[in-house]
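For our numbering, add 96 to where a residue sits in the sequence shown, where the first one is 1.
Note that the Cβ used here is the ideal one computed from N, Cα and C, for glycine as well.
Remember, it's a predicted structure, so these values are computed and weren't measured experimentally.
Report on the structure given below.
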Amino acid sequence: MGLGLSPGSGASLGTVPMRWNPKLLGLYLGTLSALAANPAGIRTPADLLAYLRQVSGSGTISGQYVETGDLGPINAIHEQTGKWLGLIGGDYFHYDQRAKDPPVTTFNASAISYWKAGGLIELNLHMPNPTTGGPVYDLSGLDTLGLLQPRTATHAAFMAILAKVAAGIRELQDAGVVVILRPFHENGGNWFWWGTGYRLSSEQFVALWRFTHDYFEKSQGLHNLVWLFESGQPDVPVTVNYPGDAFVDIVGQDVYTDHPDSPQAVAAYRQLVATGKLVCMSEFGPKGPQGGDRAFDETTLVAALRRQMPRTVFFQQWWDQNAGRVGWGMASVQSAAAALNSPWIRNRGDVSYRPGPAGPDDHPR
């Protein structure tokens with residue numbers, strides 16, 4: 097069915113054969129390009145992963161999603177709390193975006209400025225349906241067999257999207273930005289076209305993830321990526337569709353509740369820890385998936401992270417502009433200042449990496 101296709105098979109980048117370990121290749125290319133570290137001392141994916149290992153178990157980095165780059169919510173949080181979040185997450189696609197519209201890379205300008213100020217960057221991809229051209233939540237049809245099969249319309253559309261995403265990521269790479277990339281999120285559900293609760297089998301999804309990984313790192317030569325895998329919310333098994341250790345750096349879960357220390361969320365966290373990978377809370381929103389809660393006390397989240405989920409290296413709070421669901425974003429809930437001033441939370445001014453003796457897990461894949 098063509099689902100095992102490797103876009104980088106037999107290719108090379110200059111005189112460096114693509115059989116090299118992608119992360120080792122990234123270190124090599126990073127040295128050649130002489131990219132400067134950001135103020136936090138992070139220059140390569142290996143640096144970022146080593147720093148996150150230092151954080152694991154001793155604190156959690158604060159973060160929030162900003163979609164295509166409007167930093168208004170981040171500025172509002174700073175005005176309320178006196179703190180700049182440690183991480184911002186963005187997207188190259190609006191939630192309602194269709195395939196006929198090109199990716200929106202306005203997030204890049206915000207990402208570059210935030211990185212240069214010492215913050216971390218995460219990128220989500222709400223890619224439109226390559227068969228129908230509809231938005232990410234269009235489940236009216238998907239050519240699963242043609243998705244990775246050359247000479248099909250669906251494959252051509254998918255590759256056109258990936259090429260434009262790669263161009264956006266390359267702009268970040270050229271600016272020295274290391275990107276935590278989260279493609280195909282909530283893949284265990286049935287609300288996005290790539291969900292295995294919809295048309296794709298788990299086997300097909302794994303092939304899709306690996307294909308995308310190799311396309312970016314091998315065919316496109318991108319060497320600034322850290323890969324974040326997240327299969328869904330606590331009611332979806334957190335390691336379903338797992339594409340393999342060689343294709344994943346961080347694992348996460350999406351949590352939407354006023355009770356982030358719920359048995360479901362904590363059990364999912366423990367499953368993530370058992371993978372041996374770094375662990376994050378890739379999305380968080382008070383109340384539930386259908387809307388937020390202005391009365392939510394943000395210190396509740398901090399307490400849950402510190403007491404029940406201490407190896408969570410960062411959390412990414414969602415945003416109020418998602419369909420007007422006010423009460424998800426940090427600026428619209430209660431006690432944000434107390435939360436961000438907690439000794440457990442690491443904000444932008446706290447992000448600092450200094451290389452130390454390499455342990456067995458400090459080497460790139």
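Nearest-angstrom Cα separation, counted from residue j out to residue i
i	j	result
residue 233	residue 451	42 Å
residue 138	residue 270	15 Å
residue 392	residue 241	45 Å
residue 158	residue 134	18 Å
residue 256	residue 245	14 Å
residue 317	residue 262	9 Å
residue 292	residue 434	40 Å
residue 178	residue 347	30 Å
residue 132	residue 237	45 Å
residue 201	residue 164	7 Å
residue 438	residue 197	42 Å
residue 166	residue 189	13 Å
residue 462	residue 415	As displayed, the chain neither begins before 97 nor continues past 461, which places residue 462 out of reach and without an answer.
residue 283	residue 294	9 Å
residue 411	residue 248	39 Å
residue 449	residue 362	28 Å
residue 239	residue 402	44 Å
residue 171	residue 275	21 Å
residue 122	residue 209	With a pLDDT of 49 at residue 122, under the threshold of 50, the modelled position of this residue cannot be trusted; read the value that follows with caution. Cα to Cα, the separation comes out at about 23 Å.
residue 258	residue 173	33 Å
residue 207	residue 183	10 Å
Local Cβ density within 10 Å of residue i, reported as buried at 16 or more and exposed below that
i	result
residue 175	exposed
residue 444	buried
residue 185	buried
residue 229	exposed
residue 287	exposed
residue 205	exposed
residue 427	buried
residue 370	exposed
residue 328	buried
residue 129	Residue confidence for residue 129 is low, a pLDDT of 42 falling below 50, so the modelled location carries little weight; the figure read from the coordinates is stated next. Exposed: under 16 other Cβ atoms inside 10 Å.
Beta-carbon proximity of residue i to residue j, cut-off 8 Å
i	j	result
residue 192	residue 203	no
residue 341	residue 378	no
residue 221	residue 289	no
residue 169	residue 321	no
residue 364	residue 344	no
residue 277	residue 219	yes
residue 332	residue 285	yes
residue 374	residue 148	yes
residue 404	residue 380	no
residue 160	residue 181	yes
residue 136	residue 447	yes
residue 306	residue 279	no
residue 330	residue 260	no
residue 211	residue 273	yes
residue 406	residue 153	yes
Neighbourhood of residue i by C-beta, 7 Å cutoff - its chain only, sequence neighbours within 5 removed
i	result
residue 125	Only weak support is given to the placement of residue 125: the predicted model assigns it a pLDDT of 48, under 50, and the value that follows is read from those uncertain coordinates. Result list for residue 125: 319, in chain order.
residue 384	352, 353
residue 436	158, 177, 179, 443
residue 360	330, 331
residue 417	163
Same chain only: Cβ atoms within 6 Å of residue i, ignoring 5 sequence neighbours per side
i	result
residue 151	409
residue 399	none
residue 155	440, 442
residue 281	326
residue 226	250, 253, 254
residue 397	356
residue 368	334, 347, 375
Neighbourhood of residue i by C-beta, 8 Å cutoff - its chain only, sequence neighbours within 5 removed
i	result
residue 382	352, 353, 354, 388, 389, 392, 423, 424, 429
residue 431	393, 394, 395
residue 194	224, 229, 230, 231
residue 104	Its pLDDT being 40, under 50, residue 104 is placed unreliably in this model, and the coordinates cannot settle the point.
residue 386	421
residue 308	258, 279, 280
Given 8 Å, three or more beta-carbon pairs between the stretch 256 to 269 and the stretch 284 to 300: As far as the Cβ criterion goes, the stretch 256 to 269 does not touch the stretch 284 to 300, which means the pair count is below three.
Inter-stretch contact at 8 Å, needing at least 3 Cβ pairs: the stretch 301 to 313 / the stretch 355 to 362: No contact exists between the stretch 301 to 313 and the stretch 355 to 362.
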